[in-house]
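Participant: Structure incoming, see below.
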Amino acid sequence: MNVTHLECADCHKIHEANTLQNLCVECGKPLLVRYDLHRAAENLTKDSLIHRQPTLWRYREVLPVENPANIVSLGEGFTHLLKTDKLAASLPVKLNLYIKDESTNPTQSFKARGMTAAVSMAKELGVKKTAAPSAGNAAGALAAYAARAGMEAHLFMPSDTPRANIIECEQTGAFVTLIDGLITDCGRIVAERKDAEGWFDVSTLKEPYRVEGKKTMGYELAEQFGWKLPDVILYPTGGGTGLIGMWKAFNEMQTMGWIDERRPRMVSVQAAGCAPIVRAFHNGERFAAEFENAHTAASGLRVPKAIGDFLILDALRESGGTAIAVTDEDLIAAVKEIGAAEGIFCAPEGAACLPALREMIEKDLVKENETVVIFNTGAGVKYLECFN
Ligand SMILES: *Cc1c(COP(=O)(O)O)cnc(C)c1O
Ligand SMILES: [Zn+2]
């Protein structure tokens, strides 16, 4: 559609868009999709959105698929932005607090956003077999979208992945392998075997399109807030795809003249048992070293090394945001607190944002009457092992 090329996020080398690409051929860093945004803005106007379908494909002019027949959709995106006044009342400062509830996506997490884009592009470019390592929800989403597209999905997950994720993959026809190790170990297996097996690697940020699907969270926030962004966004961060994507979306919207140069303060929330971004942020480093002995019940946050680390850290710093680690005890307790106050059964990853917000308030990092958005990235019901 309006895609012009792919650009390396670090060395800026240009790559061709209409062919299968993984990482930058020069430096091995992630590739980002670039658009002719002035052309996109001719058809994609704020008014044009009023009559469009309530899925993320409403922003199709700034999404990568060329032929609409290749779009593989299960009705993802345009999730509810819920005002959470009872939860806000439990905080020591008065805030306009919202939860962006991603648990209502197909396969019950925001991984559906990335996979609808990645699988649609894989279809457009002729892929028959996909593969990915996953901490759980990415596998469930890839299995579903691959099934819908008529492709194979080969999934590698740590053996202690929540059972619901393993079962959903099997029941949607994927090939599942459980590994005694972490998601990074699973990623190595995909990398080693993919050429011989003819698999296209859809690991997060190792192909350019999952970010594009996830960036629509940024477009939706702007649209749902009447084209004014919130003051603070708390984002439970594993690979950081959604945070990187939203940051990209804000810049695209500014280029199209939809918003001004003001940005929300972006906050990465991680588990204390796996906090590579938090550590690198506070040490002033541009890249985040692998986190040793990573462990947390919030499986989506169990990512000891993120290939897009520098993009996450750049966004946190440029936005005046921060990075906060939360103990498993606190994040599990927060699931019930949010559930009982607002009726939203959050994934532990999403719930982690509440204790992180409390810490921000204590440190005077949020001011009275500011608008704060918590991302509930998935559904608590997938994590029954956490609630014994
Ligand atoms: C994958 C996942 C995350 C982390 O998302 P990234 O964009 O990779 O940082 C957070 N929460 C849940 C429920 C997830 O499945
Ligand atoms: Zn490069």
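Numbered according to my numbering, the sequence shown terminates at residue 389, and the numbering increases by one at each position without gaps.
The beta carbon of each residue, even a glycine, is placed where N, CA and C say it ideally should be.
Would the beta-carbon of HIS6 be found less than 8 Å away from any heavy atom of ligand 2?
Facilitator: HIS6: no, Cβ never under 8 Å from ligand 2.
Participant: When you compare the CB positions of GLY309 and THR205, do they come within less than 9 Å of one another, or not?
Facilitator: It is a contact, given that the beta carbons lie within the stated cut-off.
Participant: Considering only the beta carbon of each residue, do ALA10 and PRO65 sit closer than 9 Å?
Facilitator: Not in contact: ALA10 and PRO65 (Cβ atoms no closer than 9 Å).
Participant: Which residues does DSSP list as the beta-bridge partners of ILE180?
Facilitator: Paired residues: PRO159.
Participant: Consult DSSP for ILE260 and reduce its assignment to one of helix, strand or coil.
Facilitator: It is coil, neither helix nor strand.
Participant: Going by the beta-carbon positions, is the gap between GLY322 and PRO277 smaller than 9 Å?
Facilitator: Taking 9 Å as the Cβ cut-off, GLY322 and PRO277 do not qualify as a contacting pair.
Participant: Check for me: the beta strand (DSSP E) holding LEU235 runs from which residue to which?
Facilitator: Element bounds for LEU235: 233 to 237.
Participant: Buried or exposed: where does ILE168 fall if 16 or more other Cβ atoms within 10 Å of its Cβ makes it buried?
Facilitator: When all chains shown are included, ILE168 counts as exposed.
Participant: So, helix, strand or coil for ARG35, using DSSP?
Facilitator: The answer is strand: DSSP assigns ARG35 an E or B state.
Participant: What's the C-alpha gap between ASP76 and THR56?
Facilitator: The amino acid occupying residue 76 in the given sequence is Gly; Asp does not appear at that position. Taking the straight line joining both Cα atoms gives about 6 Å.
Participant: From the DSSP output, in three-state form, read off ASP365 for me.
Facilitator: Correct three-state label for ASP365: coil.
Participant: Can you tell which of ARG318, ARG40, TYR60 and ALA90 has its C-alpha closest to the C-alpha of ASP48?
Facilitator: Checked all of ARG318, ARG40, TYR60 and ALA90; the closest Cα to ASP48 is TYR60.
Participant: Can you confirm whether the region 98 to 111 touches the region 332 to 345 when touching is taken to mean that 3 or more C-beta pairs between the two stretches lie within less than 8 Å?
Facilitator: Taking 8 Å as the limit for Cβ pairs, the verdict is that the region 98 to 111 does touch the region 332 to 345.
Participant: According to DSSP, which residues form a beta bridge with SER110?
Facilitator: DSSP output for SER110 lists GLY379 as bridge partner(s).
Participant: Would you report the Cα separation of GLU62 and PRO159, rounded to the nearest angstrom?
Facilitator: Near 37 Å, if we compare the C-alpha coordinates of PRO159 and GLU62.
Participant: Report the start-end ranges of each beta strand (DSSP E) in the region 280 to 352 that is 3 residues or longer and not cut off at the edges.
Facilitator: Taking only runs of at least 3 residues, the beta strand (DSSP E) segments lying wholly in the region 280 to 352 are 323 to 327.
Participant: Are the beta-carbon atoms belonging to SER104 and GLY381 less than 9 Å from one another?
Facilitator: In contact: SER104 and GLY381 (Cβ atoms closer than 9 Å).
Participant: If you reduce the DSSP assignment to three classes, tell me which class THR173 lands in.
Facilitator: If DSSP states are grouped into helix, strand and coil, THR173 belongs with coil.
Participant: May I have the straight-line CA-CA distance separating CYS187 from GLU369, to the nearest angstrom?
Facilitator: Those two C-alpha atoms are separated by around 44 Å.
Participant: What's the gap between the Cα of SER110 and the Cα of PRO134?
Facilitator: Taking the straight line joining both Cα atoms gives about 16 Å.
Participant: If you compare alpha carbons, which of THR217, VAL268, TYR146 and ILE260 is closest to MET116?
Facilitator: For MET116, the nearest C-alpha among the options comes from TYR146.
Participant: Go through the residues and name those whose CB comes closer than 6 Å to any heavy atom of ligand 2, in chain order.
Facilitator: The answer, residue by residue, is CYS9, ASP11, CYS12, LYS14, CYS25, GLU27, CYS28 and LYS30.
Participant: What I want to know is whether the C-beta of ALA390 ends up closer than 8 Å to one or more non-hydrogen atoms of ligand 1.
Facilitator: Because the chain spans 2 through 389 in this model, residue 390 falls outside it and cannot be assessed.
Participant: Could you compute how far the alpha carbon of ALA150 sits from the alpha carbon of THR173?
Facilitator: Answer to the nearest angstrom: the Cα atoms are 12 Å apart.
Participant: Does the separation of the CB atoms of PHE176 and GLU153 fall below 9 Å?
Facilitator: Yes, the Cβ-Cβ distance between PHE176 and GLU153 is below 9 Å.
Participant: On a Cα-Cα basis, can you pick out the residue from LYS14, ASP37, ARG35 and TYR36 that is closest to CYS28?
Facilitator: Closest by alpha carbon: LYS14.
Participant: Can you check which of these residues, ALA335, PHE388 and ILE345, is closest to HIS81 by C-alpha distance?
Facilitator: Taking only the C-alpha atoms, the option nearest HIS81 is ILE345.
Participant: Starting from LYS130 and walking both ways along the beta strand (DSSP E), at which residues does that stretch end?
Facilitator: Looking at the DSSP string, the run of the beta strand (DSSP E) that includes LYS130 is 130 to 134.
Participant: Residues near ligand 1, CB to any non-hydrogen atom under 5 Å, in chain order?
Facilitator: Selection output, chain order preserved: SER110, ASN138, PRO237, THR238, GLY239, GLY240, GLY241, THR242, GLY243, GLY301, ALA348, GLU350, THR378 and GLY379.
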